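Trainee: Residue numbers (the numbering used here): -5 to 376.
Don't be surprised by glycine CBs; every beta carbon is placed ideally from N, CA and C.
These figures come from a predicted structure and were not determined experimentally.
For reference, the structure I am asking about is given below.
So this is what it looks like as structure tokens:
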């Protein structure tokens, strides 16, 4: 794609009422379909692609059909913006340009939740909304995205929507060794150094640097060993409590947005598990109705969800190890601040499944929520 140069526009207006919101410049952040991905990866023609997919056991016609649906909806977005005399540029995740972000009044992610999350990690504008549009709702549920591009955009341009703020997680790294980040994704200028003025003199000598990670997490941050089968060893502190050493398959720290995603799958229990517990508790004497089991299961699982605009951090420890030596003081809960010190060999942070940072032994990660980190999104009125 030809590089495009923009004249940045820096604007710090107060947030406008819904009825007066009408963007003049929009950046569309489009997903790359699997069809596109495979074709571009191997630089092959259509016949070669058919043969390659057949060898892989993939359905060429199915992939092409899904690609066409995505492109049809993407073109609907483009055509609508044209009809409203809105200037726009369209990029894929590999073509992001910072100048374009500064230029735009609003952003549209065209894809599924993955595309929305990827876009959100690149955006840090208090007054510029991110609008998620699901371009293939038959194959993707899209909790973060709206369906039917034309209907959705019509409602937005008529003011038939409401602003929706979503908290995001900020990560501060206290480096006592040599902090190593994923150079393939980021460069050092993205990092924001923090003064060591507030640290005690005894601590300052132990700290090499203190920095804010360049990416905010809308859903969750995973901390654990890079190899999924390896045991993660770390030290946890909740709201300034004394650190507790634990071992597990890793820790997930999440927001209200993330409480319906991966964290929900980690925390949830199944109806057959609830039934087994209830039968054990009643020593097989109690007649347990299936509807009661389903109600208990539903209520238990629902209690773990909370709203995206609630200023709450939650955490879930995956498969905690408890034996004669180690115990799991913290398994799941809600807090205002969450701190983890790496005790592993190849520990990593993964932000929304997109960006990865290596966290050497001894380094500390502090997770917190801040008003100026919130993401502005849109919810359609019923």
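Given a threshold of 16 other Cβ atoms within 10 Å of its Cβ, counted over all protein chains shown, does residue 240 qualify as buried or as exposed?
Mentor: Indexing the chain shown from 1 puts residue 240 at position 246. Result: buried.
Trainee: Using the three-state DSSP reduction, which class does residue 31 fall into: helix, strand or coil?
Mentor: If you number the chain shown from 1, residue 31 lands on position 37. Helix.
Trainee: Starting from the C-beta of residue 243, find all residues in its chain whose C-beta is less than 6 Å away, skip the five residues before and the five after it, and write them out in chain order.
Mentor: The residue labelled residue 243 in the question sits at position 249 within the chain shown. 312, 313, listed in sequence order.
Trainee: Report the residue from 20, 69, 277 whose alpha carbon sits nearest the alpha carbon of residue 101.
Mentor: Numbered from 1 along the chain shown, position 107 holds the residue referred to as residue 101. Nearest of 20, 69, 277 to residue 101, Cα basis: 20.
Trainee: Could you tell me the distance, in whole angstroms, from the CA atom of residue 303 to the CA atom of residue 76?
Mentor: The count along the chain shown starts at 1 and reaches residue 303 at position 309. The count along the chain shown starts at 1 and reaches residue 76 at position 82. One C-alpha to the other measures close to 33 Å.
Trainee: Going by C-alpha distance, which of 282, 97, 360 is nearest residue 233?
Mentor: As a first step, residue 233 must be located in the chain shown, where it is residue number 239. The shortest C-alpha separation from residue 233 is found at 360.
Trainee: Taking contact to mean 3 or more Cβ pairs, one atom from each stretch, closer than 8 Å, check whether the stretch 243 to 257 and the stretch 270 to 289 are in contact.
Mentor: At 8 Å Cβ cutoff, the stretches do not touch.
Trainee: If the criterion is Cβ atoms closer than 9 Å, does the pair residue 369 and residue 117 meet it?
Mentor: As a position in the chain shown, residue 369 is number 375, starting the count at 1. As a position in the chain shown, residue 117 is number 123, starting the count at 1. Yes, the pair counts as a contact, with Cβ atoms nearer than the cut-off.
Trainee: Tell me residue 186's beta-bridge partners as DSSP assigns them.
Mentor: Translated into positions along the chain shown, residue 186 becomes position 192. Per DSSP, 206.
Trainee: Candidates 308, 336, 335: which alpha carbon is nearest residue 325's?
Mentor: The residue given as residue 325 occupies position 331 in the chain shown. With distances taken between Cα atoms, residue 325 lies closest to 308.
Trainee: Go ahead and pull the three-state DSSP assignment for residue 162.
Mentor: On the chain shown, position 168 is the one that residue 162 refers to. Coil.
Trainee: From the DSSP output, in three-state form, read off residue 145 for me.
Mentor: Locating residue 145 in the chain shown gives position 151, where the first residue counts as 1. DSSP places residue 145 in helix when its eight states are reduced to three.
Trainee: What is the residue span of the beta strand (DSSP E) that residue 83 lies within?
Mentor: Position 89 of the chain shown holds residue 83. Unbroken beta strand (DSSP E) run through residue 83: 81 to 86.
Trainee: Below 8 Å, how does it come out for the stretch 325 to 345 and the stretch 217 to 228: are there three or more Cβ pairs, yes or no?
Mentor: Contact between the stretch 325 to 345 and the stretch 217 to 228 is present, because at least three Cβ pairs lie under 8 Å.
Trainee: Among the residues of its own chain, which have a CB less than 8 Å from the CB of residue 375, if the five just before and after it don't count?
Mentor: The residue labelled residue 375 in the question sits at position 381 within the chain shown. Cβ neighbours of residue 375 beyond the five flanking positions: 149, 154, 155, 156.
Trainee: Based on the DSSP output, what are the partners of residue 229 in its beta bridges?
Mentor: In the chain shown, the residue the question calls residue 229 occupies position 235. Answer is 239, 335, bridged to residue 229.
Trainee: Can you tell which of 40, 357, 14, 29 has its C-alpha closest to the C-alpha of residue 217?
Mentor: Stepping through the chain shown from its first residue, residue 217 is reached at position 223. Cα-wise, what sits closest to residue 217 is 357.
Trainee: Looking only at DSSP bridge pairs, what is residue 136 linked to?
Mentor: Start at 1 with the first residue of the chain shown, and residue 136 comes out as number 142. In the DSSP output, where bridge partners are listed per residue, residue 136 has none listed.
Trainee: Excluding the 5 residues flanking residue 72 on each side, which residues of the same chain have their C-beta closer than 8 Å to its C-beta?
Mentor: What you label residue 72 is simply residue 78 of the chain shown in a count that begins at 1. Around residue 72: 22, 82, 84.
Trainee: Considering residue 288, what are the terminal residues of the beta strand (DSSP E) in which it resides?
Mentor: Here residue 288 refers to the residue found at position 294 when the chain shown is read from its first residue. Segment 284 to 296 is the alpha helix (DSSP H) holding residue 288; no beta strand (DSSP E) there.
Trainee: Applying the 10 Å Cβ sphere with the 16-neighbour rule, what's the burial state of residue 372?
Mentor: Position 378 of the chain shown, counting from 1, holds the residue named residue 372. It is buried - the Cβ of residue 372 has at least 16 other Cβ atoms within 10 Å.
Trainee: Closer than 8 Å is the cut-off here; do at least three beta carbon pairs connect the stretch 133 to 141 with the stretch 91 to 111?
Mentor: Counting Cβ pairs under 8 Å, three or more are found: they touch.
Trainee: From what residue to what residue does the alpha helix (DSSP H) around residue 76 run?
Mentor: If you number the chain shown from 1, residue 76 lands on position 82. 54 to 77 is the span of the alpha helix (DSSP H), which, as asked, contains residue 76.
Trainee: Using only CA atoms, which one of 17, 68, 295 lies nearest to residue 99?
Mentor: Indexing the chain shown from 1 puts residue 99 at position 105. Closest by alpha carbon: 17.
Trainee: Which value, in whole angstroms, describes the spacing of the CA atoms of residue 107 and residue 306?
Mentor: Within the chain shown, residue 107 is the residue found at index 113, counting from 1. Within the chain shown, residue 306 is the residue found at index 312, counting from 1. Taking the straight line joining both Cα atoms gives about 22 Å.
Trainee: Measure how close the beta-carbons of residue 355 and residue 327 come, nearest whole angstrom, since I'm counting them as under 8 Å.
Mentor: Against the chain shown, residue 355 aligns to sequence position 361. Against the chain shown, residue 327 aligns to sequence position 333. The Cβ separation is near 25 Å, so there is no contact.
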